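Take 3 as the starting number for the sequence shown in full-length UniProt numbering and just add one per residue.
Heads up: the structure comes next, in structure tokens.
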Amino acid sequence: ATLIKSLYRETQNYINQTVTISGWVRTIRDSKTFGFIELNDGSFFKNVQIVFGDALDNFKEISKLSVSSSIIVEGILEETPNAKQPFEIKAAKIAIEGLSDPAFPLQKKKHSFEFLRTIAHLRPRSNTFSAVFRVRSIAAYAIHKFFNERGFVYVHTPIITGSDCEGAGQMFKITTLDLNDVPKDHDGKIDYAEDFFGKETNLTVSGQLSAETYALAFRNVYTFGPTFRAEKSYTARHAAEFWMIEPELAFADLEDNMEIAEDMVKFIINYVRENAPEEMEFFNKFIDNGLSERLDNVVNSDFGRVTYTEAIDILKKSKENFEYPVEWGIDLQTEHERYITEKVFKKPVFVTDYPKDIKAFYMRLNDDNRTVAAMDLLVPGVGEIIGGSQREERLQVLTGRMAEMGLNEEDYWWYLELRKYGGTRHSGFGLGFERVIMYLTGMSNIRDVIPFPRTTGSAEF
Ligand code: 4AD
Ligand code: MG
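Put into structure tokens, the structure is as follows:
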């Protein structure tokens with residue numbers, strides 16, 4: 003079959019030619035002697051219009067097709083210069099591949115995203131989700147392209163780990179269900195996964211610690227995979243399973259880290275806009291009217307830079323009535339982040355040098371002994387999309403920090419050895435993939451940018 007995408011991109015090659023298209027009926031209307039089908043074949047955001055007439059021997063059957071039936075159409079592509087679509091296909095033959103029950107829930111009327119979440123197995127057949135998930139795929143490719151063009155090595159860091167990278171205790175613990183292993187006198191307290199691995203394990207919250215080990219061998223690496231957090235916060239920006247892109251750079255400080263982060267974000271935006279213009283136009287028109295302008299502004303401006311301490315001053319001096327009181331030492335809340343990026347900078351902004359007490363153990367301690375070389379990238383509309391830092395390469399300082407935070411050195415022996423055998427300055431960050439898709443599309447709920455969302459109270463499909 004010919005793909006609808008080719009028909010649109012290389013129309014000249016197909017004019018007045020016979021083509022065969024296979025796809026799903028998006029809409030159908032008919033009169034006594036002819037009818038129209040809007041067909042989508044999954045290859046492209048746009049549909050193709052099929053015109054069929056009673057010359058077809060199965061005209062009656064075709065007229066009765068319900069939405070989402072799958073068919074194979076053979077016909078001639080004709081230009082339609084005065085119509086909304088540049089061409090249509092005059093069907094000579096239509097074969098039915100699979101009928102659809104008339105109860106198919108995605109009829110022409112507009113459905114709420116909440117409703118569509120309850121049919122996550124069917125929602126990719128709607129315009130919005132067709133656009134979102136194609137953009138998601140293209141953005142993933144853009145990320146691999148960005149790093150590969152710059153010589154980064156892609157490392158697959160483990161999903162099952164024994165360490166808690168962020169030290170926040172938001173981990174899902176691994177257990178087994180192999181009842182054959184249960185000893186007769188089992189008291190219900192044995193953890194079989196613990197027996198299996200010889201230690202307690204959990205789903206990874208971040209691939210960073212493993213990525214660091216490879217950075218100290220390959221210099222520049224990245225990992226891009228699923229991560230898991232038992233986030234109880236029921237927000238539109240948190241999921242229990244999300245994908246993270248984590249580059250790690252040897253011989254790089256916080257400044258280098260921010261530079262690559264900024265280049266990467268701009269690269270993703272440019273690449274997606276170039277390669278999914280129809281989808282991006284759809285988002286701008288139907289999801290978020292300010293999107294195009296905002297993205298133009300992002301790729302054409304230098305990201306803002308502000309230290310945490312300066313940000314606190316800005317927030318304190320603002321006349322805003324924040325729900326959560328502002329004081330040096332607090333973790334910035336969404337309302338604060340949004341104020342900084344939306345009201346003050348009106349563009350993406352890096353906030354750097356956070357108090358050590360609100361950040362992870364591995365971040366490099368600054369000379370003031372109370373802040374660390376951390377950076378978060380905040381963007382209008384979404385808030386934090388990146389969290390990163392320069393890593394503590396000084397063994398003594400690192401073990402000192404771990405002791406302060408009650409972390410057990412033995413659990414991190416291999417991580418500490420990196421500081422023993424030719425440790426270097428190094429930095430990295432994590433980009434939340436769903437957050438960047440929200441940013442790119444204007445979609446406002448994380449549940450609508452990941453195919454099968456796992457959030458508090460929800461793991462259907
Ligand atoms: O700021 P975070 O916790 O940083 C880390 O995990 C570091 N180890 C990364 C690194 O330096 N290699 O998370 C990084 C990003 C956040 O900025 C956010 O975009 C995303 O991951 N994120 C989430 N996205 C969706 N749902 C959640 N529950 C998320 N938690 C973090
Ligand atoms: Mg963070």
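Beta carbons: idealized from backbone N, C-alpha and C, even for Gly.
Model, not experiment: these values are computed from the prediction.
query: Roughly how many whole angstroms lie between the Cα atoms of ALA133 and GLU281?
result: Your numbering for residue 133 matches position 131 in the sequence shown. Your numbering for residue 281 matches position 279 in the sequence shown. Roughly 5 Å separates the two Cα atoms.
- request: Report the three-state DSSP secondary structure of GLU62 (helix, strand or coil).
  value: Against the sequence shown, residue 62 aligns to sequence position 60. Note that residue 62 is Lys in the sequence shown, not Glu. Residue state, collapsed to three classes: helix.
For the ligand MG, residues whose Cβ lies under 7 Å from any non-hydrogen atom: For the ligand MG, the residues with a Cβ under 7 Å from any of its heavy atoms are, in chain order, ASP378, GLU386, GLY389.
- prompt: Is it buried or exposed for HIS338, if we count other Cβ within 10 angstroms and need 16 for buried?
  reply: Locating residue 338 in the sequence shown gives position 336, counting from the first residue. Its Cβ being crowded by 16 or more others within 10 Å, HIS338 is buried.
task: May I ask whether a heavy atom of the ligand 4AD can be found less than 6 Å away from the beta carbon of MET246?
output: For the purposes of this step, residue 246 is taken as residue 244 along the sequence shown, with counting starting at 1. Under cutoff, so the answer is yes.
Backbone secondary structure at ASN259 - three-state DSSP: Translated into positions along the sequence shown, residue 259 becomes position 257. Correct three-state label for ASN259: helix.
Three-state secondary structure assigned by DSSP to SER8: Sequence index remark: in the sequence shown, residue 8 carries index 6 (1-based). Reduced to three states, the DSSP call for SER8 is helix.
ALA232: CB within 6 Å of a non-hydrogen atom of the ligand 4AD: Here residue 232 refers to the residue found at position 230 when the sequence shown is read from its first residue. No, the ligand 4AD has no heavy atom inside 6 Å of this Cβ.
- request: Assuming GLY390 contacts ASN259 (C-beta within less than 8 Å), just tell me the rounded distance between them.
  value: Working through the sequence shown from its first residue, we reach residue 390 at position 388. Working through the sequence shown from its first residue, we reach residue 259 at position 257. About 6 Å separates the two Cβ atoms, so the contact holds.
- prompt: In this structure, what does DSSP give as the bridge partners for ILE78?
  reply: As a working note, residue 78 is residue 76 in the sequence shown. According to DSSP, which records beta bridges pairwise, ILE78 is partnered with THR20, LYS92.
query: Pick from VAL137, SER320, PRO249, ASN286: whose alpha carbon is nearest that of ALA278?
result: Position 276 of the sequence shown, counted from the start, is the residue given in the question as residue 278. Among VAL137, SER320, PRO249, ASN286, the Cα nearest to that of ALA278 belongs to VAL137.
field: Proximity of SER429 and ALA254 at Cβ, strictly below 7 Å
entry: Stepping through the sequence shown from its first residue, residue 429 is reached at position 427. Stepping through the sequence shown from its first residue, residue 254 is reached at position 252. Yes, they are a contact pair.
- prompt: When we look at the beta-carbon of TRP415 and count the other beta-carbons within 10 Å, is it buried (16 or more) or exposed?
  reply: Position 413 of the sequence shown, counted from the first residue, corresponds to residue 415. It counts as exposed.
task: Determine, using beta-carbon pairs with one atom in the stretch 94-112 and one in the stretch 64-80, whether at least three such pairs fall under 8 Å.
output: yes
- request: Return yes when the Cβ of THR35 is within less than 7 Å of the Cβ of ASP59, no when it is not.
  value: Mapped onto the sequence shown, residue 59 falls at position 57. Mapped onto the sequence shown, residue 35 falls at position 33. No; because the gap between Cβ atoms is not below 7 Å, this pair is not in contact.
task: Please indicate yes or no: does the CB of GLN210 lie closer than 6 Å to some heavy atom of the ligand 4AD?
output: Position 208 of the sequence shown holds residue 210. Yes, the beta carbon of GLN210 sits closer than 6 Å to at least one heavy atom of the ligand 4AD.
- prompt: Along the chain, where does the alpha helix (DSSP H) that runs through HIS338 open and close?
  reply: Locating residue 338 in the sequence shown gives position 336, where the first residue counts as 1. Per DSSP, HIS338 belongs to the alpha helix (DSSP H) from 336-340.
- prompt: How would you call ALA376, buried or exposed, if buried means at least 16 neighbouring beta carbons within 10 angstroms?
  reply: Translated into positions along the sequence shown, residue 376 becomes position 374. Buried is the call here.
field: Separation of ARG366 from THR203, as counted between CA atoms
entry: For the purposes of this step, residue 203 is identified with residue 201 of the sequence shown, where counting begins at 1. For the purposes of this step, residue 366 is identified with residue 364 of the sequence shown, where counting begins at 1. Cα-Cα distance, rounded: 27 Å.
message: So if DSSP puts PRO378 in a beta bridge, which residue, or which two residues, is it bridged to?
response: In the sequence shown, residue 378 corresponds to position 376, counting from 1. Reading off the sequence, residue 378 comes out as Asp, not Pro. For ASP378, which the question treats as bridged, DSSP gives the partners VAL353, GLY389.
- request: Going by DSSP, name the residue or residues bridged to residue 464.
  value: In the structure as shown, the chain begins at 3 and stops at 463. Residue 464 is therefore absent and cannot be evaluated.
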